[in-house]
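Step one of this worksheet: look at the structure below.
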Amino acid sequence: MILSQYVATLGGIVAFSCNVSGWGDDTVSLMLFYKDGLKVPFYSLDAREVPFLQAKRFGNDTRMYLNETTSPPSLIIESVKMEDEGEYRCRVDFRDDKTRNSLFSLKVVLNKIE
1 MILSQYVATL
11 GGIVAFSCNV
21 SGWGDDTVSL
31 MLFYKDGLKV
41 PFYSLDAREV
51 PFLQAKRFGN
61 DTRMYLNETT
71 SPPSLIIESV
81 KMEDEGEYRC
91 RVDFRDDKTR
101 NSLFSLKVVL
111 NKIE
């Protein structure tokens with residue numbers, strides 16, 4: 001699994017893209033986002049019983065949301081804080097295909113990198 005590295009400015013925005021391409025016409029049934037190896041996701045999208053665009057979303061931070069209109073869908077974090085720095089994992093479950101995981105590392109900097 002490849003670790004994608006992201007850099008965000010303190011107070012800025014970052015978008016993590018997850019691999020949601022299934023085989024053929026397979027569709028996403030569940031997306032789970034984890035931080036720093038925790039076993040409980042901090043954000044999830046549940047499309048097990050509904051179409052993807054009508055999926056239920058669960059998160060405990062209003063700065064974070066899934067933008068499913070991009071390809072691939074991206075988890076957006078607005079107003080980035082220093083405590084957002086760390087390693088993230090996106091787990092994608094499909095209706096038929098195997099589960100896929102994407103790993104991200106986020107570094108938060110004080111000033112924009114030129």
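Residues in the sequence shown are numbered consecutively from 1, following the UniProt record's numbering. Ideal placement from N, C-alpha and C gives every residue a C-beta, glycine not left out.
Cβ-Cβ separation between V28 and V20: approximately 5 Å, consistent with a contact (criterion under 8 Å). Looking at C90, I77, F94, A55, the one whose alpha-carbon comes closest to that of K39 is C90. Membership of L45 in the beta strand (DSSP E) is indicated by the continuous run 43 to 46.
Per DSSP, the unbroken beta strand (DSSP E) holding V92 starts and ends at 86 to 94. Less than 8 Å separates the beta-carbon of L30 from that of R48. Across the structure, F94 and F16 are spaced so that their CA atoms are roughly 19 Å apart. In the three-state DSSP reduction, L10 falls in the coil class, being neither helix nor strand.
Around F58, the same chain offers S44 as residues with beta carbons nearer than 6 Å, after the five sequence neighbours per side are excluded. Taking E83 as reference, the option from C18, T69, D61 with the minimal CA-CA separation is D61.
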